[in-house]
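Participant:
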Amino acid sequence: MRTYLYAGTFESFLTALSLALERPEECAIAREGGAAAEGGLFSEFIQAGADPARAAGMRDLFERQGSAESWQHARFAFLSEAAGCEDAVLAYARLIKERGPAADDLLADDRVKKVHGLARSVGGEAHMFKGFVRFKELADKTLYARIEPDHNVLPLLTGHFRARLGSFNWIIHDARRGRAALYCGGRLIYAPITQEKALEFDGKEAAVQALWRHFFKTAAIKERTNPRLQRQNVPLKYRANLTEFE
Amino acid sequence: MDLQEKLEILANSAKYDASCASSGSNRAGRGTGAAHQSGVCHSWTADGRCVSLLKILMTNECVYDCAYCVNRRSNDSRRASLTPDEIAGLTFEFYKRNYIEGLFLSSGITVSPDRTMELMLEAVRKLRNVFHFNGYVHMKVIPGADQALIDQAGLWADRVSVNIELPSDKSLQLLAPGKTKDTVLRPMHRLAQKIAAHKDERRSIKSSPAYAPAGQSTQLIIGATPETDREIIKLSEALYSKMSLKRVYFSAFIPVMKDNRLPALREPPLLREHRLYQADWLLRFYGFTADELLDESHPALDLNFDPKTVWALNNLDKFPLEVNKASYQEILRVPGVGVTSAQRIIRARRAGPLALEDLKKLGVVMKRAMYFVTAGGKYGGVKKETEEAIKVKLLEHKNPNGQLNLFSEKELVKEGLEATVTGQL
């Protein structure tokens, strides 16, 4: 079976998707260097490259032939970085070519359910992180936050924080992926990032954190203690970067 | 007294207010902060309740002596106050670190209702005008304060609220001397009028200022006084329809104070609170009326079953429902079907008829719904469906080891208590 390899960017994925859709027979899409890119005896691997025109064509496919929400479903499913998400989007795209906007109504169809489910999971985590991002003020007044989300939700968070903290400089660092969104002087850039030395915090930072932790502890009602419910809402995996659980 | 100690005292006094929502407003603009239409929870405390606002009292001094209240005058507790500057500064520091969506400001009554309201307004005005803060603000309105002061609250806050606390005049007289139904309902009515008038005005003049864009809410204490669930749900229904309230919160009574006018409860009635929230949801999103859920001969919600299941069991003649034909409103009334899955059913059946197996994929909780639906004529429930037979089956699902009627805390969590106590709508 033919497998198209993409470099990891959304544009390269869309290029691979476009190439795969042109072939009538079944094929696969895999991220270069990922587990799915390991070859079997009968596999044929092809580098998809990154072609802006093909990528734009794919956006067009979802927006024009799909329903009003198809493009977002495809984009969010890709951001899930879940194993097999590429092939799920490919199957979804084929269905859209075949059924048009009605594809998104086939909610009990496994192809649709899979992509909708991935997209919902990404949207859900992005919403959670609108609440879970915790900034710390650095000595130069930049606000710095470290996150480790399951999905690649960083691109879905920047607009939210730009609207709120537009008059500050801030960094949201996805430590799991080694990438950061840097917002400085009103400009936003994404960049790979590694942390080489310990952060230097503003003089007031520790005191504000202590106040917050104190408030957080006090706000719980002893008679209603329910750690299970708390765990359900703030899974342990997220707590390492939450100031109130430090 | 340092800031940390004050914060502890004032957060401790404010935490019994159940309102946590930061939803319903999309305030934005230059400066810092914005509100999010659906609200954002930032954390959850050890009791599983969400934290989205810095919920504090301005002061816990109070001239009133309400029996249920931890801040009552005759209670020998530590007292503290925050200045408007401290409140605004603290909110801003917390907000910029994304700890919170904004401020929830309530207060005990210091000196007089007017003086208290003035100071609270000053704090919020500072936050808006000096810090240029566009985040969410929920402001309590102090009953008995001058109308001109109450009117201002809606200009600065996203949401305003007056707590009824006790669901009847008789209970208020007993437990909250100095308050009457009238002193509580008058400001509520006034705010409802102002909100409606401003909304009207904004329809024709877009630039006119927003007035409490996230509307008004209130809270009722559950279990401190003898009101029935029916009285409470009827009152909520009236508040939604006559006062256009956005939310009525229920707070299970926690005996923080010893007083011989109060019942001696071993633990707060959390399950009852949960059932009331479920009933409240049915009123607001499922098209039920209070009279359908409870009548004079059944004034209490069943603790074993959720109120929708109870209604369905009492109306078996309306079931089973064919999901491929029934209207959205009818589907909403099936136990195990929520708003989302009902919408999915309507959408998915446009593309083709649904089978029973499909329903689970659409998010329907089949272990409850199976007794009440057919799909393409197929029925998956018990053969001769009678109320008793279905009840026994439903209870088996709840207690696989066969213990009937035993309700545990664990069960509550499974049922989704979180959805009702942290619900952002």
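For the protein sequence lines, the chains are A and L, in the order given.
Each residue of the first sequence is one higher than the one before, counting from 26 in my numbering.
Each residue of the second sequence is one higher than the one before, counting from 188 in my numbering.
Quick reminder that beta carbons are idealized off the backbone N, C-alpha and C, glycines included.
(1) Distance check for E280 of chain L and A310 of chain L, CA to CA, integer angstroms please.
(2) Please list the terminal residues of the continuous beta strand (DSSP E) segment that includes G142 of chain A.
(3) Less than 7 angstroms between CB atoms is the rule here; does W468 of chain L satisfy it with respect to chain A?
(4) Taking the alpha carbon of F35 of chain A as the reference point, which residue from A:T28, A:A73, A:S92 has its own alpha carbon closest?
(5) Taking 8 angstroms as the threshold, find out whether the segment 420-430 of chain L comes into contact with the segment 466-474 of chain L through three or more Cβ pairs.
(6) To the nearest angstrom, report how far apart G365 of chain L and H185 of chain A are at their CA atoms.
(7) Once DSSP output is grouped into helix, strand and coil, what is the label at I577 of chain L?
(8) What three-state label does DSSP hand G289 of chain L in the structure shown?
(9) Less than 7 angstroms between C-beta atoms, sequence neighbours within five positions excluded: which residues of the same chain meet that for W237 of chain A?
(10) Quick one: is I214 of chain A buried, meaning 16 or more other Cβ sit within 10 Å of its Cβ, or exposed?
(11) Which stretch, first to last residue, makes up the alpha helix (DSSP H) that contains Y255 of chain L?
(12) Since D199 of chain A is in the beta strand (DSSP E), which residue starts that stretch and which ends it?
(13) Less than 7 angstroms between the beta carbons of D333 of chain L and D301 of chain L, yes or no?
(14) Tell me the DSSP secondary structure of L353 of chain L in three-state form.
(15) Give me the chain A residues within the contact set of E454 of chain L, using Cβ-Cβ distance strictly less than 7 angstroms, ordered along the chain.
(16) If the cut-off is 7 angstroms on Cβ atoms, which residues from the segment 123-140 of chain A count as contacting chain L, listed in chain order?
(17) Determine the closest residue to I408 of chain L out of L:G567, L:M375, L:C256, L:T246, with distance taken between C-alpha atoms.
(18) Expressed to the nearest angstrom, what Euclidean distance is found between the alpha-carbon atoms of G589 of chain L and K578 of chain L?
(19) Hey, out of L:T370, L:Y251, L:L336, L:L378, whose CA is closest to I351 of chain L's CA?
(20) Spell out whether any CB of chain L is found under 7 angstroms from the CB atom of F240 of chain A.
(21) Assign D467 of chain L to buried or exposed, taking buried as 16 or more other Cβ atoms, counted over all protein chains shown, within 10 Å of its Cβ.
(22) Check whether chain A comes within 7 angstroms of R531 of chain L, counting only Cβ atoms and requiring the distance to be less than that.
(23) Quick one: is S192 of chain A near chain L, going by C-beta distance under 7 angstroms?
(24) Using a Cβ-Cβ cut-off of less than 9 angstroms, give me the residues of the segment 270-283 of chain L that come near chain A, in sequence order.
(25) In chain A, which residues lie less than 8 angstroms from W498 of chain L when you measure between Cβ atoms?
(26) At which residues does the beta strand (DSSP E) containing E69 of chain A begin and terminate?
Facilitator: Quick look at the numbers:
(1) Against the second sequence, residue 310 of chain L aligns to sequence position 123. Against the second sequence, residue 280 of chain L aligns to sequence position 93. Computed Cα separation, rounded: 15 angstroms.
(2) By one-based count along the first sequence, residue 142 of chain A stands at place 117. No beta strand (DSSP E) holds G142 of chain A; the alpha helix (DSSP H) holding it covers 135-157.
(3) The residue labelled residue 468 of chain L in the question sits at position 281 within the second sequence. No - not a single Cβ of chain A is within 7 angstroms of the one on W468 of chain L.
(4) Your numbering for residue 35 of chain A matches position 10 in the first sequence. The shortest Cα separation from F35 of chain A among A:T28, A:A73, A:S92 belongs to A:A73.
(5) Of all C-beta pairs linking the segment 420-430 of chain L to the segment 466-474 of chain L, three or more are shorter than 8 angstroms, placing the two stretches in contact.
(6) On the second sequence, residue 365 of chain L is found 178 positions in, with the first residue counted as 1. On the first sequence, residue 185 of chain A is found 160 positions in, with the first residue counted as 1. Those two C-alpha atoms are separated by around 46 angstroms.
(7) On the second sequence, position 390 is the one that residue 577 of chain L refers to. Of the three classes helix, strand and coil, the one that applies to I577 of chain L here is helix, per DSSP.
(8) The count along the second sequence starts at 1 and reaches residue 289 of chain L at position 102. Three-state result, G289 of chain L: strand.
(9) For the purposes of this step, residue 237 of chain A is taken as the residue at position 212 of the first sequence. Within the same chain, and ignoring the five residues on either side of W237 of chain A in sequence, the residues whose Cβ sits closer than 7 angstroms to its Cβ are T268, E269.
(10) The residue given as residue 214 of chain A occupies position 189 in the first sequence. It is exposed - the Cβ of I214 of chain A has fewer than 16 other Cβ atoms within 10 Å.
(11) The residue you call residue 255 of chain L lines up with position 68 of the second sequence. Counting along the chain, Y255 of chain L falls outside any alpha helix (DSSP H), and DSSP gives it neither H nor E.
(12) Position 174 of the first sequence, counted from the first residue, corresponds to residue 199 of chain A. Its beta strand (DSSP E) spans residues 195-199.
(13) By 1-based counting over the second sequence, the position of residue 333 of chain L is 146. By 1-based counting over the second sequence, the position of residue 301 of chain L is 114. Here D333 of chain L is near D301 of chain L, since their CB atoms are less than 7 angstroms apart.
(14) If you number the second sequence from 1, residue 353 of chain L lands on position 166. It is coil, neither helix nor strand.
(15) As a position in the second sequence, residue 454 of chain L is number 267, starting the count at 1. Contact of E454 of chain L with chain A by beta-carbon distance below 7 angstroms involves E248.
(16) When CB distances to chain L are screened at a threshold of 7 angstroms, the residues of the segment 123-140 of chain A falling below it are A127, D130, L131, L132, A133, K138, in chain order.
(17) As a working note, residue 408 of chain L is residue 221 in the second sequence. Of the listed residues, the one whose Cα sits closest to I408 of chain L is L:C256.
(18) To locate residue 589 of chain L, count along the second sequence from 1; it is residue 402. To locate residue 578 of chain L, count along the second sequence from 1; it is residue 391. In this predicted model, G589 of chain L has a pLDDT of only 42, less than 50, meaning its place in the structure is not dependable enough to derive any value.
(19) As a first step, residue 351 of chain L is located in the second sequence; it is residue number 164 there, counting from the start. Residue L:T370 is the option with its Cα nearest to I351 of chain L.
(20) Indexing the first sequence from 1 puts residue 240 of chain A at position 215. Closer than 7 angstroms: yes.
(21) On the second sequence, position 280 is the one that residue 467 of chain L refers to. Buried is the call here.
(22) Position 344 of the second sequence, counting from 1, holds the residue named residue 531 of chain L. Cβ-Cβ to chain A under 7 angstroms: yes for R531 of chain L.
(23) Mapped onto the first sequence, residue 192 of chain A falls at position 167. Answer yes: the Cβ-Cβ gap between S192 of chain A and chain L drops below 7 angstroms somewhere.
(24) Against chain A - using a Cβ distance shorter than 9 angstroms - the residues of the segment 270-283 of chain L are L277, E280, F281, Y282, K283.
(25) As a first step, residue 498 of chain L must be located in the second sequence, where it is residue number 311. Near W498 of chain L there are no residues of chain A at all, since even the closest Cβ is about 27 angstroms away, more than 8 angstroms.
(26) The residue labelled residue 69 of chain A in the question sits at position 44 within the first sequence. According to the DSSP assignment, E69 of chain A belongs to the beta strand (DSSP E) that extends over 69-72.
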